[in-house]
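Reading through the structure tokens given below for one structure.
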Amino acid sequence: EVSTQNAGSIKNRFRNEDINEKVGTTSLLNSIKKPNIKWFAHITRLPTDSEPQREMLLRNNGYKAKRCAKGGPQR
Numbered sequence: 081e082v083s084t085q086n087a088g089s090i091k092n093r094f095r096n097e098d099i100n101e102k103v104g105t106t107s108l109l110n111s112i113k114k115p116n117i118k119w120f121a122h123i124t125r126l127p128t129d130s131e132p133q134r135e136m137l138l139r140n141n142g143y144k145a146k147r148c149a150k151g152g153p154q155r
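For the sequence shown, my numbering gives the first residue as 81, with consecutive numbering after it.
Structure follows, in structure tokens:
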């Protein structure tokens, strides 16, 4: 016989945002996004002819960098 946990009705559940606000923490998703946003801002401040800026523009236009075959590069 398999028992299941009953979380109660939807009215009794707490939202993650409410818990984070009461405890004074940030969500994991926000913790992950913050460095990505800082990096993006850094790249956009670079000159347009710089390597990272060109790579970002190419990737946004659908270009994917070539990857090594499975197992790593050939020697």
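Note that CB positions come from ideal geometry on N, CA and C, so glycine has one too.
For residue j and residue i, believed in contact at Cβ under 8 angstroms, the rounded distance
| i | j | result |
| --- | --- | --- |
| N96 | S107 | 6 angstroms |
| L126 | P132 | 6 angstroms |
Any C-beta of chain D under 8 angstroms from that of residue i
| i | result |
| --- | --- |
| P132 | Considering every chain present, this structure includes no chain D. It has just one protein chain. |
Closest by C-alpha distance to residue i, when choosing among the options
| i | options | result |
| --- | --- | --- |
| F120 | N110, M136, T128 | M136 |
- Please list the segments of the alpha helix (DSSP H) lying wholly inside the segment 108 to 134, counting only runs of 4 or more residues, in order along the chain. 108 to 125
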